[in-house]
Structures are given as C-alpha cells and as structure tokens.
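So the structure is just underneath, and the comments pick up after that.
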Amino acid sequence: MASTRSKLLPWAATLLSLWLLVVGCTSSNSSMLKSDVSLRNPLAPIADPFIVRHAGSYYLTGTRTGTSLEIWHAPRLEDAGKTSQTIWTPQQGEPAFQVWSPSMFLLDYHGSKHWFVYFTAAMQDKNEDHRIYVLQSEDSDPLGPYTYKGQLAGTDDTTAIDSSLLELDNKLYLMYVLEKGSNAVYLAPMSDALTVSGEPRLVIDPDQPWEQGDQASSHYPVAEGPEALYHDGKTFIVYSGSDTGNYNYCLGLMIYKGGDPLEAKSWEKKGPVFQYSSDNGVFGPGRAHFTTSPDGNQSWMVYHAKTTADFTYDGRETRAQQFTWNADGTPNFGTPVSVKSPIEPPAGE
11 MASTRSKLLP
21 WAATLLSLWL
31 LVVGCTSSNS
41 SMLKSDVSLR
51 NPLAPIADPF
61 IVRHAGSYYL
71 TGTRTGTSLE
81 IWHAPRLEDA
91 GKTSQTIWTP
101 QQGEPAFQVW
111 SPSMFLLDYH
121 GSKHWFVYFT
131 AAMQDKNEDH
141 RIYVLQSEDS
151 DPLGPYTYKG
161 QLAGTDDTTA
171 IDSSLLELDN
181 KLYLMYVLEK
191 GSNAVYLAPM
201 SDALTVSGEP
211 RLVIDPDQPW
221 EQGDQASSHY
231 PVAEGPEALY
241 HDGKTFIVYS
251 GSDTGNYNYC
261 LGLMIYKGGD
271 PLEAKSWEKK
281 GPVFQYSSDN
291 GVFGPGRAHF
301 TTSPDGNQSW
311 MVYHAKTTAD
321 FTYDGRETRA
331 QQFTWNADGT
341 PNFGTPVSVK
351 SPIEPPAGE
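The opening residue of the sequence shown carries number 11 in the numbering used here; numbering runs sequentially from there.
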C-alpha cells in the first residue's frame, strides 16, 4: 500500500498544478475584463445635459452649437455622447440664436404618444430676447422627425430660459426661469404638452449666499436649470445655483411637502447638495438630470462641469455618475468624480 501511494502522489501534484493554472488564468482574465469594462468621463463636450432611457438606449441632449438641436444615443451610457443626430435647424423666421438647454418628454397628446422638446432660443443675438420654444415628434421615436411648433403657447414676452416639466398628481407644470432682476424658477400649469394655461408663480427664489454669483462682478443671484426627480412617492426639484461660469456653481434641492405646488410654501429648500471638489479637479458642477441603470436598480445622474476654477463658460462637459438615497428619502449625490477615475458602468449593461 505504501508503494502504491507513493506512485499516485506525482499524478496528484500534476493535476493540482494544472487546476491552479486554469483557475489562475480564469481569475486573471475576469479581473482584466472587469477593469476594461468601465465608464470614463466626460461623456460629451456639451453643457446643460438632459438624458432619458427609452427602448433599451440612452438618449442625451444638451447645449452644444447654440444654433441647432441634437440628440446623442447609444445602448451603453459611456457611448451615449459619441453619435448624434441633428433634429432641428432653424429656418427663416425661426429663432436662430442662443439655442440652449433642451429637455425632452414622451407625452400623450390627443390620444397618441409624441416626444416634445422644450428649449431656449432667441430671434436676435441678445439675452433679453430669450423665449421658450417647442418641437413635437411625428411619432414615438425620440429621434423624430420633429416639427417646430413655435413659442410655447401661453408664455409671454418676459425673458425666459431653462424649461422643463413637472408631473405631479396627474397634472402637468412648466418649470422655467424668468429673468426679473435675478434668475428665479417659476412654475405654471399646463393644459397639455403645447399649452401653458395659467400665470407663472415664483417657487425658487435665489435668496441664499451659495446662490449668488460671487465670481461675477454683478453678484447676480441665480436659481436655474430646474429638473424634476421622483423616488418612492416623493417629488423633488433639483436646480442649479450661482452663475454657471463660477467654480462654485452647484446643485440645490427643493423637497415637495404637499399642497399646491405653485405655492413656494409647499417646498423646502436645501443646499448646496452637490458642489465643486478641488481635490478631484471638478469645478462648477450643475445642470443635472437623472436616469436609471438598465436593470432599474441604480440611480444615475448626468451633469456638466469644468476642470478649471477660473470664471468661464468654456469647457463645460457632460459627466455621469451613480447616486444613492438617504434614510429620509432624499437624494445623496455624493462628490463629483475626477475625470481621471474610471467608474463601474450602470448595472445591467
């Protein structure tokens, strides 16, 4: 028996060595694959990003040329800023200047689904000429084709920018910024996707120190870029404070407490809830919008930011990162991630 055992040991050692080699290679390959599958910022050289996930793909829009509207799209978030399609170029008599800050929503209109793109533009190349305009898609394809529908019905000739929508208790509201001595956020009721049906009401007044443009000579108060965020039955408005050229451009949060959403008292303000990180080389993070991972289990945000603390509107780029939720149900956006740090992509990609 002893001699038989001694003959088997070399074979066992050989088999063990082969097994360890296979496992080691598999583990190494898995590690390499995991490190290769990562998301790297920035996603695209655009400001004021807005993103939706629809039919298995991400659709991203924002401010780039200032003279047209584009939509980028891809199944993977990291690729969402690589391929774009121009959905609208102004024709004679349409607003051809300062085309900014589009948002897009799939809404029911007269019994069928259409995409509506709300955006800022001007008939002349001057800030006071900003108004809110809208496009409507032919069908439910986010890439269109789109028809220009003109200035949003029910809005007046007050200088206006940064339009988006709030849906609350089966009612639709326009959220936008009116410039009346400051950039402040107003809400107005809508009777349908193309019509504002009531007077705008002030909801977000930039009355906090962090909402002031402290790098700008005018110290102009700013609350802009409102976007709705919904989670576990709660409703929030996430907006941007300070001047977008500032290093301390940041995110503020409005928490809906109940009651009439057109009343400022129905909202509680907190902020800043997402701000610059000198350590990570991220400055002026703002203009956030939100989506989910393909498996529906993760919350993600896109936002624009710069790599310089200098006062400038140049260099704003779209970035993405995951965020979580606090015990009280409010969003926890964390700290903006360095462009040098790859991050894990959304779950399910």
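Here a beta-carbon is modelled for each residue, glycine too, at the ideal position from N, C-alpha and C.
Small disclaimer: the values here were computed from a predicted structure and weren't measured.
Query                                                                                                                                                                 : Result
Please state whether DSSP places Lys350 in a helix, a strand or coil.                                                                                                 : coil
Return the chain-ordered list of same chain residues with a C-beta closer than 8 Å to the C-beta of Gly344, the five sequence neighbours on each side being excluded. : Phe284, Gln331, Phe333 and Thr334
Tell me which residues share the same chain as Ser303 and place their Cβ nearer than 7 Å to its Cβ, disregarding the 5 neighbours each side in the sequence.          : Trp310, Pro356, Ala357 and Gly358
Could you check which residue in Thr157, Pro346, Glu138 and Arg141 has the C-alpha nearest to that of Gly296?                                                         : Pro346
Based on the DSSP secondary-structure assignment, which residues constitute the bridge partners of Thr328?                                                            : Ala54 and His314
For Ala298, which of Pro341, Lys267 and Gly235 has the nearest alpha-carbon?                                                                                          : Gly235
Please report the straight-line C-alpha distance between Ser174 and Thr93, rounded to a whole angstrom.                                                               : 24 Å
Considering only C-alpha positions, which residue in the set Gly325, Gly291, Val195 and His120 is nearest to Ser348?                                                  : Gly291
Sorted by chain position, which residues of the same chain lie with C-beta nearer than 7 Å to His140's C-beta, five sequence neighbours on each side aside?           : Gln108, Thr130, Ala132, Thr169, Ala170 and Ile171
Expressed to the nearest angstrom, what Euclidean distance is found between the alpha-carbon atoms of Glu177 and Lys136?                                              : 32 Å
With distance defined between alpha-carbon atoms, name the residue in Ala198, Asn193 and Val213 nearest to Asp166.                                                    : Ala198
Within a Cβ cutoff of 7 Å, which residues of the same chain sit near Glu189, ignoring the five residues on either side of it in sequence?                             : Thr169
Quick check on the DSSP output: what are the complete beta strand (DSSP E) runs of length 3 or more inside the segment 227-253, in order along the chain?             : 233-241 and 244-251
Tell whether a beta-carbon distance below 8 Å holds between Pro231 and Pro210.                                                                                        : no
Which same chain residues, not among the five before or five after Ser207, have their C-beta less than 7 Å away from its C-beta?                                      : Gly164, Pro199, Met200 and Ser201
On a CA-only basis, which of Gly103, Glu80, Val213 and Leu145 is nearest Phe115? Give me that one, please.                                                            : Leu145
Can you tell me where the beta strand (DSSP E) with Met133 in it begins and where it stops?                                                                           : Segment: none, Met133 is in no beta strand (DSSP E) and carries neither H nor E.
Spell out whether any CB of chain E is found under 8 Å from the CB atom of Thr96.                                                                                     : Of the chains in the structure shown, none is chain E; there is only one protein chain.
Can you list, in chain order, the residues of its chain whose CB lies under 6 Å from that of Tyr69, leaving out five sequence neighbours each side?                   : Val62, Ile81, His83 and Pro152
DSSP state of Lys190, grouped into three classes?                                                                                                                     : coil
Would Gly262 and Gly251 qualify as a contact pair, given that the criterion is a beta-carbon distance under 8 Å?                                                      : yes
Please classify Ser276: does DSSP put it in a helix, a strand, or coil?                                                                                               : helix
Buried or exposed: Asp327, going by 16 or more other Cβ atoms within 10 Å of its Cβ?                                                                                  : Contrary to the premise, residue 327 reads as Glu rather than Asp in this sequence. Buried, because 16 or more other Cβ atoms sit within 10 Å of the Cβ of Glu327.
Based on the DSSP output, what are the partners of Lys123 in its beta bridges?                                                                                        : Asp118
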